[in-house]
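Taking it in order: structure first as structure tokens, then the write-up.
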Amino acid sequence: DDHDEHDDEDKHDDHDEHAGHDHGVFDPHFWFDPNRVALAVDEIKEELIKLDPENKNSYELSANSYVAQLKDLDKQIETLIQTVPSQNRKIVTTHESLGYLENRYGLEVLTTVIPSVTTEDGVTPKQLVEVIEEIKEHNIKVIFLESESPSKSAEIIAKETNASLVSGLWVETLKENQSYIDFLSTNVNLIVENLKDK
């Protein structure tokens, strides 16, 4: 089973080595790995069957169909990421949210504008300088702005580094009437299109 490669011990807290990273022991954004979502679907299915055993077949069919879609999505994302030259797979975002995407698909979240334990108001000048130096050192051309995050610090960093700001990354909410599959595909496409030729 493909899901076994991401067991519960893999909380991906090994990213503390990157500047700006401070997840602690748990990154809640597991939905950036469709294999993790497939595990959640299986758990939900089992709970629904316990609550409503008469409809077991219906729950199993629905869950199996959705898990198959998630496996297809996983393959599509792998293929898309492979179109980005390996030297362009370092990314900078406004806050820590893409660790599971990083772990699963070989991207590297080099640094974040806002450390995970602070708000934008808590970003210190020293932290801004560290992010600027990291971006310059690795010749990063793009900073991804999350739609739910403020951008003042990112604008300062972009000005100092000549990096482009790319908005439209949704990490914690769906747009109205948006499915999970569309949510993840849209985010990955945004990232890939902006990394390909940088």
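No gaps in the numbering here: position 173 of the sequence shown is 243 in the numbering used here, and each next residue is one more. Positions of the beta carbon are idealized from the N, C-alpha and C atoms, including for glycine. Predicted, not measured: the structure shown is a model, and the values here were computed from it.
Grab me the residues of residue i's own chain with a C-beta within less than 8 Å of its C-beta, minus the 5 sequence neighbours each way, in chain order.
| i | result |
| --- | --- |
| Gln139 | Ile251 |
| Arg159 | Ile151, Gly176, Leu177, Glu178, Leu265 |
| Val111 | Ala133, Tyr136, Val137, Leu140 |
| Asn259 | Leu150 |
| Ser249 | none |
| Glu246 | none |
State the CB to CB distance for the pair residue i and residue j, rounded to an integer number of angstroms; the pair is presumed to be in contact (CB under 8 Å).
| i | j | result |
| --- | --- | --- |
| Leu198 | Ser221 | Not confirmed; about 13 Å, so no contact. |
| Ile205 | Ala233 | 6 Å |
Give the single residue among the options whose Cα lies nearest to the Cα of residue i.
| i | options | result |
| --- | --- | --- |
| Glu216 | Arg174, Glu204, Val154, Ser167 | Ser167 |
| Thr194 | Asn125, Ile119, Ile210, Ile227 | Ile227 |
| Tyr271 | Ala108, Glu113, Pro155 | Summary: the structure shown does not reach residue 271, with the chain confined to residues 71 through 268, and so no result is reported for it. |
| Tyr170 | Pro155, Asp97, Pro123 | Asp97 |
| Gln157 | Thr231, Gln248, His208 | His208 |
| Lys229 | Glu246, Ser249, Glu203, Pro123 | Glu203 |
| Glu263 | Ile147, Asn125, Pro123, Lys120 | Ile147 |
If you drop the 5 nearest sequence neighbours on each side, which residues of the same chain put their C-beta closer than 7 Å to that of residue i?
| i | result |
| --- | --- |
| Asn257 | Leu239, Trp240 |
| Lys115 | Tyr129, Glu130, Ala133 |
| Lys126 | Ile119 |
Would a C-beta distance cut-off of 8 Å place residue i and residue j closer than the cut-off?
| i | j | result |
| --- | --- | --- |
| Leu244 | Leu143 | no |
| Thr181 | Val201 | yes |
| Ser237 | Ile184 | no |
| Glu225 | Leu235 | yes |
| Ile210 | Val162 | yes |
Within the same chain, show all residues whose beta-carbon is closer than 6 Å to that of residue i, passing over the 5 residues directly before and after it, in chain order.
| i | result |
| --- | --- |
| Lys196 | none |
| Thr164 | Val183, Ile184, Leu215, Glu216, Ser219, Ala224 |
| Leu118 | Tyr129 |
>> Whether or not the stretch 95–105 and the stretch 168–182 are in contact is what I'm after, with contact meaning three or more pairs of Cβ atoms, one per stretch, closer than 8 Å; do they touch?
In response: yes
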